[in-house]
Amino acid sequence: MCWSPVLVRVGTITGLSRKIKTVLPKCQIVGVDPEGSILADSSEECLQPYDVEGIGYDFIPTVLDRSGLDKWYKTRDKESLMMARRIIREEGILCGKFLSDGWMYNRGFIDFPEGEQFHNSWSHSPIDDLLQTLPKAVVVSGKQTIKKVVDELNQASAGRAIVQISDSDKSVLGVFHSVALQALMSGTVTPNDPVKSALDKGVRQLSSTVSAEHLGRRLMTEPLVILSDKNDQHWLVTQEDFLKWTVTKCT
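Heads up: the sequence shown begins at 1 in full-length UniProt numbering, then just goes up one per residue.
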């Protein structure tokens, strides 16, 4: 007999393994741990992010007792998420939530064979080709007021601004754009407040050396991405920008 619980909570598998071993000493208890987690082996050096939900930790909880587990299996995101999609499709069991085609493509877990011809027309192009087509980004200090930033956007005929910590510290805080309207309408901020109080901090920032392939996957589901080089020069790439560039690459 074999008992194979998914490691949702370490306290659960610790308690279950102890109880089952008491009743069925020969029962094999199997633990599952994603690559990037250290539960299976605390000496593991490859601590990295992973997308599979509900299992794994980046520390060892005090309630974990590994002595009751006979074997561990390490799992990879792609195989785990592809199996979750198969279980949903074939068994009708809802496991996982971020498993849509767009989300999976964004992370490189699936491809779209039907779009291969279009994809191949631009995916190997140097990213500099794209950067040369982009308008100059409006870059402001997080200390400037919302009103002043809007004035700068109007002068530049732009709709978004990249916000840095300050003029001397060019680390990116986020992007100021239409999401600030909600904060203004709700009274959370006023036009005279610093622009850093009304930012979209969820915009992904990538190196300007990123491949067109990787950038395209991100922009499949994300409306805009910041590209930055080692000299703290920044570009704002929107889905619209990327659409125009990719279509012009088609022959």
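Positions of the beta carbon are idealized from the N, C-alpha and C atoms, including for glycine.
Contact check, residue i vs residue j, beta carbons under 8 Å
i, j, result
"Leu206", "Val175", "no"
"Tyr73", "Val32", "yes"
"Ser208", "Trp245", "no"
"Val163", "Glu152", "no"
"Ser166", "Lys143", "yes"
"Lys136", "Leu173", "no"
"Asp241", "Leu134", "yes"
"Leu227", "Val203", "no"
"Ser81", "Met104", "The sequence shown places Leu at residue 81, rather than the Ser named in the question. Going by C-beta atoms, Leu81 is nearer than 8 Å to Met104."
"Ser100", "Lys249", "no"
"Ile146", "Asp193", "yes"
"Ala212", "Ser123", "yes"
"Ala158", "Val179", "no"
"Val225", "Val237", "yes"
"Gly92", "Ala84", "no"
"residue 253", "Phe109", "The question about residue 253 has no answer here: the residues shown for the chain are numbered 1 through 251."
Residue range of the beta strand (DSSP E) that includes residue i
i, result
"Gly11", "Looking at the DSSP string, Gly11 is not in any beta strand (DSSP E); the run it does join, the alpha helix (DSSP H), is Val10 to Val23."
"Leu224", "Leu224 to Ser228"
Residue i: first and last residue of the uninterrupted alpha helix (DSSP H) it sits in
i, result
"His119", "Glu116 to Asn120"
"Thr246", "Gln239 to Lys249"
"Ile110", "First-last for Ile110: undefined, no H or E at that position."
"Leu131", "Ile127 to Leu131"
Cβ distance (whole Å) where residue i is taken to contact residue j below 8 Å
i, j, result
"Val52", "Pro34", "5 Å"
"residue 252", "Leu39", "A query on residue 252 cannot be resolved here, the shown segment of the chain reaching from 1 to 251 and no further."
"Ile29", "Asp70", "5 Å"
"Asn106", "Arg218", "6 Å"
"Lys21", "Gly68", "6 Å"
"Asp229", "Lys170", "Asp229 to Lys170, Cβ: 11 Å. No contact."
"Thr221", "Gly102", "4 Å"
Short CB-CB distance (under 8 Å) between residue i and chain B
i, result
"Thr75", "Judged by its chain identifiers, the structure shown contains no chain B, having just a single protein chain."
Those residues which DSSP pairs with residue i across a bridge
i, result
"Val140", "Val163"
"Leu236", "Ile226"
Notebook entry, point to check: Taking only runs of the beta strand (DSSP E) that begin and end inside the stretch 142-218, which ones reach a length of at least 3 residues, in chain order?
Noted result: 161-164, 172-176 and 204-207
Check: In the stretch 31-108, which residue ranges form an unbroken alpha helix (DSSP H) of at least 4 residues, counting only runs that do not cross its ends?
Finding: 77-91 and 101-106
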